[in-house]
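Peer 1:
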Amino acid sequence: MLILLKPGLDYVIAFMGCLYAGLVAVPAYPPGATKTLDRLDGIVDDCQPTAALASGEDVATIQARLGQVAQPLVLDMATLDLALASQWRSVPVTRDDIAFLQYTSGSTGTPKGVAVTHGNLIHNSRSISRGFLTHKDSHLVSWLPPYHDMGLIGGILQSLFVGFGSTLLAPIHFLQRPLRWLQAISTYRGTVSGGPNFAYELCLRKIKDEELAGLDLSCWEVAFNGAEHVRAQTIAAFQARFARAGFASTSAFPCYGLAEGTLMVSAGGSKREPVIRQFHAGLLEDNVARLHDGPNHETELRLRTLVSSGRGIPGQGPFICDPHTEQPLEDGRVGEICILGDSVASGYWQRPDSTAAAFRPAPPTLGWPRYFRTGDLGFLLDGELFVTGRLKDLIIINGVNHHPGDIENTVLRTHDSFRPDGTAAFSIDAGDSEQVVIAQEIERRALRSFDLPQLFGELQTRLWQQHQLARPVLLLVFGGSLPRTSSGKIKRQECRKQFEPWLAALDGTAPVEAHPLDKSVVAVQSNGRILRDITLDTQVVQA
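Residues in the sequence shown are numbered from 34 upward in steps of one, following the working numbering.
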C-alpha cells in the first residue's frame, strides 16, 4: 500500500491501518516537482503497489501519474467509508513479516526499498526508548516528515510504542520559520525532539537574539542529532546560544542510524555531555585514529574534530571491517561500519543481488547469521562510534584519503553567507589524475558583497593548510542548486555527474552547449584563475 499523503494525522492513521490490515506499507510523498515525480516513478516501478492512498486534489494527479507506470487502485482518504471498520478481522502477523518498505534516500545510488519487519520495529523502538529514557510522561515534538525513518520511527512510532503524548508540526512550517519548532517545545513542554544537523544550524542562523526571551527550553531532555554529518561547532554554538533559554548542554544527543538498521544503531548517553575529540588528520588519512591530547592548535597541527555517535544499542552492535577483505578491524582503525543484530532489516525488496552484496553472512564468532555493510567509514574508540565519511564519496588524491565532510567543514568556516547545508566536495577526472571540486551554495542577498579574488584566495589558503589540497576547483552557486535526496542530503556523486562535463566545457576542453547550470553558478575558480563571475555580469576565460 503506497501512502501518498501530506504530513498530518491522516498519515499516521494510514500507516497504522496498513499494519492492522497486514499490508506492507510504503511511506512516500505526494508528487510535486519534477524531481519528486521521478523519485515516485522509481518507487512505484520497484515495489509495484496494488493500491495507493491519497487525498483531495492529489487523487486525480496520482491516478494519472501512476497509470503511466503501474495500475494500482488509488483510494481517496477523505472519502473512505469508516463504517467498513466494523468488518475488520484480526490478521495473524509474525515478527518476520514485513511491516513496511523504507526507501533509502539514494545519496550515493538508486533508492532501494528496505524491508523492515515487525520484529525489527519492535526491537528498534524498544532500543530508542532505552536510549532516550522515554516514559509515559515524556512528550515528543516533531517537525520531521513521516515518510522518512527518523520522523516515522523515531517520532510517531516511538510515541505510540511507549504511550506518551506528541505534538506534530508540518515540515514546511519549520523550514519557513525555525523558531516555530522551539516555540512548540517551549509551549508543549517537549522532552524529546530533534533532527539532522542542518535543523540546528537553521535555528542558529534564523532565530534572532530578541526572540530567545520568549523560550523556555529547560524541559528539553533529548535533542537528538543524526541522519547526516554531526558537526562539533554546531553543537557547541547551539549549546552556547540557547543556554540563555534554558537549554541544557547535556541534552545534545548525537546518534547514528540508517534504514537498513531500522533506524537507530548507536546513540550518546542521555544526560551526558556529547563526546567530542580531536584526532591527528594525517593519521586519519592513513586510516589510523590517534587522539590529540595537547593544546588546540588545529591549523598548525592539522587536527580533525569528531563527534562521537555514541555506543551501540543493546542487541545491535556496530563493528568495523576492512572494506576490501571484510575482516574485522581493531579499535582505532578506520574502516567500513558494519552492523548486526535484531534491528537489521531482512534485505532490499525484490533485489536479491543488492541484498547479497550488502547483507553478508557472518562468521559464527559474531553470534548472528549476517551483518550489513553500511558503506560508511568510521572507527570505534573506547566503545564510542566515530563516523568519518562515506566510502563511495571518499576522495583519493596522490594516494591520500580525504573525507568530503572534513573539506566541507573547512569551507563553511570561511564566510557567513555560505549555507551550512549547501556544501559539496567531490572529485572529477582531470586526465591522468583526479581533481578536487568544492561547490558552495550562497545566500543571494550577499552576492554583491563578495570580493571574489579575496574570498577564493582565503579558501585556497585554508584548504592547503588543513588538507594540503593545491588549487582545487571552487564554485559558488545559488542556494538550492545542488542535487539533494528527498531528505535534503547533498548527493555528491550526482554533483560530480552534473559538474564534470560543465566544467570541461567552461575551460575549453569540451564543446560549449547551453546547460541548466549556467543559471545556477555564480563564480568559478580553477587552477587559480577565475573563469566565471556573474557579479560582474561577464564570463572570463584566460589563456
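A virtual CB, placed ideally from N, CA and C, is assigned to each residue, including glycine.
Touch check for the segment 312-325 and the segment 289-297: three-plus C-beta pairs under 8 Å?
Peer 2: Because the criterion of three Cβ pairs below 8 Å is not met, the segment 312-325 and the segment 289-297 do not touch.
Peer 1: Could you give the first and the last residue of the continuous beta strand (DSSP E) run that contains F312?
Peer 2: It spans I309 to H313 - the beta strand (DSSP E) in which F312 sits, taken as one unbroken run.
Peer 1: So is V124 buried or exposed if we call it buried at 16+ other beta carbons inside 10 Å?
Peer 2: The residue is exposed, with fewer than 16 neighbouring Cβ atoms inside 10 Å.
Peer 1: Which two residues bound the contiguous beta strand (DSSP E) that contains M297?
Peer 2: Run containing M297: M297 to A300, per the beta strand (DSSP E) assignment.
Peer 1: Residues in the same chain with beta-carbon distance under 6 Å from Q311, minus the five sequence neighbours each way, listed in chain order, please.
Peer 2: Excluding sequence neighbours, Q311 sits near H325, L336 and T338.
Peer 1: Take Q558 and list the residues in its own chain whose beta-carbon comes closer than 6 Å to its own, dropping the five residues that flank it on each side.
Peer 2: Excluding residues within five positions, the ones whose Cβ falls inside 6 Å are F489 and L507.
Peer 1: Rounded C-beta distance between A85 and V57? I'm assuming under 8 Å.
Peer 2: Not quite, the Cβ-Cβ distance comes to about 13 Å (not below 8 Å), so this is no contact.
Peer 1: Is the segment 344-361 in contact with the segment 154-164, if contact means three or more CB pairs nearer than 8 Å?
Peer 2: With a cut-off of 8 Å, the segment 154-164 and the segment 344-361 count as touching, because enough Cβ pairs lie within range.
Peer 1: So S342 and V263 are in contact, right, with Cβ under 8 Å, and what is the actual spacing, rounded?
Peer 2: Going by Cβ atoms, the distance from S342 to V263 rounds to 7 Å, so yes, they are a contact pair.
Peer 1: Beta carbon of S515, beta carbon of A457: below 7 Å?
Peer 2: Note that residue 515 corresponds to Leu in the displayed sequence, not to Ser. Yes, the Cβ-Cβ distance between L515 and A457 is below 7 Å.
Peer 1: Please report the Cβ distance between T443 and Q360, rounded to the nearest whole angstrom; I am assuming they are in contact, meaning their Cβ atoms lie under 8 Å.
Peer 2: Not confirmed; about 33 Å, so no contact.
Peer 1: Check this for me: beta carbons of D249 and G279, under 7 Å apart or not?
Peer 2: Contact: yes.
Peer 1: By Cβ distance below 6 Å, which residues in the same chain neighbour F582 in space, the five residues on each side in sequence not counted?
Peer 2: Beyond the ends of the chain as shown, which are 34 and 576, falls residue 582; an answer cannot be given.
Peer 1: Under three-state DSSP, which class holds G152?
Peer 2: Correct three-state label for G152: helix.
Peer 1: Measure the CB-CB distance between T447 and E476 and report whether it falls below 7 Å.
Peer 2: No, Cβ-Cβ distance for T447 and E476 is not below 7 Å.
Peer 1: In the DSSP assignment, find the beta strand (DSSP E) that holds G343 and state where it starts and stops.
Peer 2: Looking at the DSSP string, G343 is not in any beta strand (DSSP E), and its letter there is neither H nor E.
Peer 1: Do L202 and G188 have their C-beta atoms closer together than 7 Å?
Peer 2: Their beta carbons are not under 7 Å apart, which means L202 does not touch G188 by this criterion.
Peer 1: R504 and N560: beta carbons closer than 7 Å?
Peer 2: Yes; because the gap between Cβ atoms is below 7 Å, this pair is in contact.
Peer 1: What three-state label does DSSP hand N157 in the structure shown?
Peer 2: The answer is helix: DSSP assigns N157 an H, G or I state.
Peer 1: Any idea if H172 is buried or exposed, counting beta-carbon neighbours within 10 angstroms, 16 or more meaning buried?
Peer 2: Buried, by the Cβ-count rule.
Peer 1: Just the Cα atoms here: how many angstroms apart are R562 and P486?
Peer 2: One C-alpha to the other measures close to 9 Å.
Peer 1: Answer yes or no: do G365 and L414 have a C-beta to C-beta separation smaller than 7 Å?
Peer 2: Yes, these two residues count as a Cβ contact at 7 Å.
Peer 1: Does the Cβ-Cβ distance between G578 and F405 come in under 7 Å?
Peer 2: Given a span of 34 to 576 for the chain in the structure shown, any question on residue 578 remains unanswerable.
Peer 1: Have a look at W214 and C288 and give me their C-alpha separation to the nearest angstrom.
Peer 2: Distance between the alpha carbons of W214 and C288 is about 20 Å.
Peer 1: Looking only at its chain, what residues have a beta carbon closer than 7 Å to the beta carbon of P105, apart from the 5 residues adjacent to it on each side?
Peer 2: For P105, where only same-chain residues beyond five positions count, the Cβ hits under 7 Å are L35, P82, T83, A84, A85 and L99.
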